[in-house]
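Reading the sequence shown from the start, the letters are residues 701 to 1308 in this note's numbering. Note that the Cβ used here is the ideal one computed from N, Cα and C, for glycine as well. Source: prediction; values computed, not measured. First comes the structure, then the notes that go with it.
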Amino acid sequence: MCGIVCYIGSKEATPILIEGLKRLEYRGYDSAGLAVTDGKETCLVKEVGKVSRLEEKIKEDSCRGTMGIAHTRWATHGRPSVPNAHPQTGEEDKVFLVHNGIIENYLSLKEELLKKGHTFNSETDTEVLVHLIEEYYEGDLAAAVKKVLRLVQGTFGIALFHRDSPDQIVLARRGSPLILGIGENEYLAASDVNALLRHTNQVIHLKDNELAILNRDDFSISDFQDRRVIREAETIEWGQDAADKKGFDHYMLKEIFEQPDAVENALRGRLLEGEGVSHLGGLEGVLDRLKAMERIHFVSCGTSYYAGLLARYIFEKVTDFSVEVEYASEFRYRNLRLDEKTAVLAISQSGETADTLAAIREAKRKGALCLGLVNVVGSTIAKETEAGVYNHAGPEIGVASTKVFLSQCVILTLMALLVGRYQRLSLTEGLFITRALRKLPGQLRRILDQAPRIEEIARRYAQYHNFLYIGRLYNFPIAMEGALKLKEISYLHAEGYAAGEMKHGPISLIDPDFPTVAIVPRDSTYEKMINNIQEIKARDGKVVAVAAEGDSEIAGHVDDVISVPRSIDILQPLLNTIPLQLFAYYIARERGCDIDKPRNLAKSVTVE
Ligand code: F6R
């Protein structure tokens, strides 16, 4: 989604802003722009499409100056176009502003301004903010911003400057992240820490309803009631290296290959092997309350939702909790029983997903214990939940989530193990799980060694337009996740189904042009999966099976087999995920798709 980068210091701002915007490209956008000032002239350049096009345009204009703001826009109000791109300016071209989020009451505010004679250049909700700030400006930009933000409903992360104050950038946030970067004799700000890492690892996260003023040699933070906020800078541990492609063609492929490390990081210091239990420091403070819960709800979106679906099967197997899984976008509008006997766990890579955040706020209001499983340290969900666990998977840049999904599944297993060992899970079973967890990284590496073979299979399927993915029990969520990966990055139609549902509808789709990817572990579902496969073959459907190593029967039933090492039932789906990620990746590559930045998608969905 939209991205913000700002710079004030002694260096040329334009290259820093452009480089920062490039670091945010993975989030998804359709236009970009920047405004840079040298104290006398302000240069404003905007362009539809990639940041590289903006860069080209700037070469002609040559924007010089040591202070500026920049933006990548993901259209919500008004189509992608130069007038709708940010920075937005008002009638007098004095205020330059970039905005992430949505101003919900912009129409009524705009009507008032139109009555006063204002004319608008864009269709955006953002332009309304600029006109209002110009109206209220009496020499103090921050004061004008505070006045205007009192009138505004909705979400915003904004950064702006005024032509008359060329040594000051003002930032404000409500519901959309903004992070200050403290450099040497320079300050930066961005909506995503990745845009700051090249310059500094000292950051301060603005909280909701806070405003920051960046000057050339200092900065200050206050709330909207003018109360000063003192907050220490945090040190970000991710280096810029972690966010580079390291020789892989795409971030997605790099992140698929980072999964053994992501699993090792998820497990590091968290397994007490002799006791068959896990230790999760982030939950220590609430452990007694958590153990006493009757229900747990997993709330999340997209791939993180599928991690929750898998966790339901795992929790049901090892704990006494009754488990609910819900899309965050549905959860917040349902009348659910959320009381002191209920824990709600938000699962989110970014920690900024608007629906997940809103769900947590709703659950908090109703008295539930709110927990987070989040990858991005210091993100809003991490801050707004009472306790939680970090993935420590490193930055995930590819829009399609891979390594964080796997890490989520591992940590959710650790959570189940932790609670289960206080409930019904025996020491023997606990040991069984901890040992199997330990083996995962090595097993994942063996699957990744098969990438060339999976690529060869994927190439043969790249011309089909529809795919069915089927699995049972633990592998049903994995079938849905596999289908989501394919549709996200290759734009092909793919559906994930519980294999038992085949006869209730989807089997009507099967013909020689509609291949099926079947997940066929050697567990209690094996015979039934073989029956499903035979039904597909009887209708001339092609089948690719993800099956257990050593399964000598499966090849006789299907067209192609990808073998994965065997684990225990609850962890087998984690291994089965990898071939599906690679299958989707190689099909998308064969079709020439923009894998790291699929059309219409954003990495962090900060609007509802
Ligand atoms: C799919 C994908 C999305 C996200 C979803 C939730 O590959 O990445 O479906 O999983 O937008 O995002 P987070 O986990 O950041 O809340």
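Throw me the rounded Cβ distance for the Ser667 and Ala1046 pair, which I believe falls under 8 Å. Residue 667 lies beyond the residue range present for the chain, which begins at 701 and ends at 1308; the question has no answer from this structure.
Pull the bridge partners of Lys945 from the DSSP assignment, please. None, per the DSSP bridge assignment.
Please report the distance separating the alpha-carbon of Pro1177 from that of Gly1171. When only Cα atoms are considered, Pro1177 and Gly1171 end up about 8 Å apart.
For the region 1183-1201 against the region 1011-1025, are there 3 or more C-beta pairs whose distance is under 8 Å? Verdict: no, contact absent.
So, for Pro780: in the same chain, excluding its five sequence neighbours on each side, which residues have a beta-carbon less than 6 Å away from its beta-carbon? So the qualifying residues of the chain are Asp730, Ser731 and Val748.
Can you say whether Glu760 is buried or exposed, counting buried as having 16 or more other CB atoms within 10 angstroms of its CB? So Glu760 counts as exposed.
At a cut-off of 6 Å, would you count Gln1049 as near ligand 1, judging by its Cβ distance to the nearest heavy atom? At least one heavy atom of ligand 1 sits closer than 6 Å to the Cβ of Gln1049.
Compare the Cα-Cα distances from Pro787 to each of Lys810, Asp825 and Leu1271 and report the closest residue. Nearest C-alpha to Pro787 among Lys810, Asp825 and Leu1271: Asp825.
State the Cα-Cα distance for the pair Arg1330 and Ile1111, rounded to the nearest angstrom. With the chain covering only 701 through 1308, there is no way to say anything about residue 1330.
Can you find a heavy atom of ligand 1 that lies under 6 Å from the Cβ of Thr1003? Indeed, a heavy atom of ligand 1 lies less than 6 Å from the Cβ.
What does a CB cutoff of less than 7 Å around Glu964 pick up in its chain, not counting 5 residues either side in sequence? For Glu964, same chain residues with a beta-carbon under 7 Å away, outside a window of 5 residues either side, are Pro1141 in chain order.
Would Leu721 and Leu797 be called neighbours here (beta carbons separated by less than 7 Å)? In terms of Cβ geometry, Leu721 and Leu797 do not form a close pair [threshold 7 Å].
So, is Gly739 buried or exposed, given that buried needs 16 or more other C-beta atoms within 10 angstroms? Exposed, because fewer than 16 other Cβ atoms sit within 10 Å of the Cβ of Gly739.
Taking the DSSP output, what are the residues bridged to Ile803? Gly854, per the DSSP bridge assignment.
Confirm, please, whether the CB-CB distance from Ala1028 to Met993 is below 7 Å. Not closer than 7 Å, so no.
Quick one: is the Cβ of Ala785 within less than 6 Å of any heavy atom of ligand 1? No.
Which of the three DSSP states, helix, strand or coil, is assigned to Cys1109? If DSSP states are grouped into helix, strand and coil, Cys1109 belongs with the helices.
With DSSP collapsed to three states, give me the class of Glu1026. DSSP places Glu1026 within a strand segment (E or B) once states are collapsed to three.
With DSSP as the reference, identify every bridge partner of Arg874, one or two as the case may be. Arg874 pairs with Phe856.
On the premise that Tyr1169 lies in contact with Gly1196, defined as a C-beta separation below 8 Å, what is that separation, rounded to the nearest angstrom? Right, their Cβ atoms sit about 4 Å apart.
Using only CA atoms, which one of Glu792, Gly728 and Val1305 lies nearest to Gly1051? Nearest of Glu792, Gly728 and Val1305 to Gly1051, Cα basis: Val1305.
Give every residue of the same chain whose Cβ lies closer than 7 Å to the Cβ of Lys945, excluding the five residues on either side of it in the sequence, and list them in chain order. Taken in chain order, the residues that qualify are Tyr951 and Lys954.
Is any heavy atom in ligand 1 found nearer than 6 Å to the beta carbon of Ala1183? Annotation for Ala1183 indicates a beta carbon at 6 Å or more from all heavy atoms of ligand 1.
Does ligand 1 have even one heavy atom less than 6 Å from the beta-carbon of Ala1007? Placement of the Cβ of Ala1007 at a distance of 6 Å or more from every heavy atom of ligand 1 is found.
For Lys746, report the span of its beta strand (DSSP E) as first-last. Its beta strand (DSSP E) spans residues Thr742 to Val748.
Note the first and the last residue of the continuous beta strand (DSSP E) segment covering Gly703. Note, Gly703: beta strand (DSSP E), Gly703 to Ile708.
Residues near Trp774 by beta carbon distance below 7 Å, same chain, minus five either side: Taken in chain order, the residues that qualify are Met701, Cys702, Gly728, Tyr729, Asp730 and Ala1302.
Please name the residue in Gln1049, Glu932, Val1023 and Ile1219 whose C-alpha comes closest to that of Gly1002. For Gly1002, the nearest C-alpha among the options comes from Gln1049.
What runs of the alpha helix (DSSP H), each 4 residues or longer, lie entirely inside the region 717-790? Listed in chain order, the complete alpha helix (DSSP H) runs (minimum 4 residues) inside the region 717-790 are 751-761.
Leu880 and Ala912 closer than 7 Å at C-beta: With a cutoff of 7 Å on beta-carbon distance, Leu880 and Ala912 are scored as near each other.
Sub-7 Å separation of Phe1105 and Ala962 beta-carbons: For Phe1105 and Ala962, no; Cβs fall outside 7 Å.
Cutting at 8 Å between CB atoms, please list the residues of its own chain near His1204, excluding the five before and the five after it. Nothing meets the Cβ criterion.
Ranges of the alpha helix (DSSP H) found wholly within the region 1134-1164, counting only runs of at least 4: Segments of the alpha helix (DSSP H) lying fully in the region 1134-1164: 1151-1161.
Using beta-carbon positions only, say whether Ser876 and Gly854 come within less than 7 Å of one another. In this structure, Gly854 does not lie closer than 7 Å to Ser876 by Cβ.
Per DSSP, Gln902 forms a beta bridge with which residues? Gln902 pairs with Thr935.
DSSP has Glu910 in a bridge; who is on the other side? Beta-bridge annotation (DSSP): Glu910 is paired with Arg873 and Asp923.
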